[in-house]
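These notes are about the structure you will find just below.
Here it is, written out as structure tokens:
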């Protein structure tokens, strides 16, 4: 189990990879982002993207899943206050394989709650060609190591 | 159909409401945010939130669905460059009904692509008690009205 004290500025965590199947792309778009260039092949072809593409919110959610599996589920994670500077830099297409990493930017003990701190980290998501598809600055509340 | 020219700074669009069912909350968490306080009733009760809560990414995705239905699907939407200052301010619990609105902050013609502009807008998501659950500054590429 990792606690707040175990995170240090400059640490890099590789988060692994995730294949974005056409089926999952369409299911997410139907539910949360029903725009034609996410759902309809012909509309995708005629769009500025040249094919259907994943909702940017799905790319972000997939990245979060990778973060949970690689880091948060083995940490004293207590949720998140939010994020900054999310950028969707390249389209994600059906069949793309995403890989993600974080670099720890700041570790700040909470002023009001001594049992936790805030971790801020840069997130990068690449496609299978090593091109940056998404970046952001994320944050997590992480519990401090209990006194023993 | 709304084009870039139809958006003006200060416009407010009410986006409607969305009930977050327990079933949908759990389905999203299983797929994209499998942390115990999103999935397990007992872990939720023991967490700082006092119950299971929705993934913040699901709150954002629901807000985006409301934006698509109320504004983007009747506009010349061409995707989004990203967003800033997303804040998860209050937990969203099973059965909560969210409502959302946007206020247009900036309308900026693209310098490099004369066929579109960038809309920037503040987004607010309230729960059924009128408490602010999430806010952010979003952006969309919107196509210009075709010359006739």
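Chains as they are written, first to last, in the working numbering: chain A, 13 to 160; chain B, 13 to 160. C-beta atoms are modelled at their ideal positions from N, C-alpha and C, and glycine is treated no differently.
- For residue 59(B) and residue 51(B), the gap between their C-alpha atoms comes out near 12 Å.
- Going by beta carbons, residue 40(B) and residue 67(B) fall inside the 8 Å limit.
- Put simply, the CB of residue 106(B) is far from chain A, with every gap to its CB atoms at 8 Å or more.
- Counting only the Cα atoms, residue 104(A) lies some 34 Å from residue 61(B).
- Cα atoms of residue 19(B) and residue 151(B): separation of roughly 13 Å, rounded to the nearest angstrom.
- Assignment of beta-bridge partners to residue 133(A) by DSSP yields 116(A) and 150(A).
- Our two residues, residue 141(A) and residue 159(A), have alpha carbons roughly 46 Å apart in a direct line.
- The region 127-139 of chain B and the region 104-115 of chain B touch, with three or more beta-carbon pairs separated by less than 8 Å.
- Beta-bridge partners assigned by DSSP to residue 28(B): 112(B).
- Interface with chain B (8 Å Cβ-Cβ cutoff): residue 51(A) is excluded.
- With 16 or more other CB atoms across the displayed protein chains lying within 10 angstroms of its CB, residue 71(A) is buried.
- The DSSP-derived three-state label of residue 79(A) is helix.
- Just measuring C-alpha positions, the residue of 137(A), 87(A) and 77(A) sitting nearest residue 42(B) is 77(A).
- For residue 57(B), the enclosing alpha helix (DSSP H) has its first and last residue at 53-58.
- Here residue 90(B) is buried. Its C-beta has 16 or more other C-beta atoms within 10 Å.
- By the neighbour-count criterion, in which 16 or more other beta carbons inside 10 Å mark a residue as buried, residue 80(B) falls on the buried side.
- A distance below 8 Å separates the beta carbons of residue 147(B) and residue 99(B).
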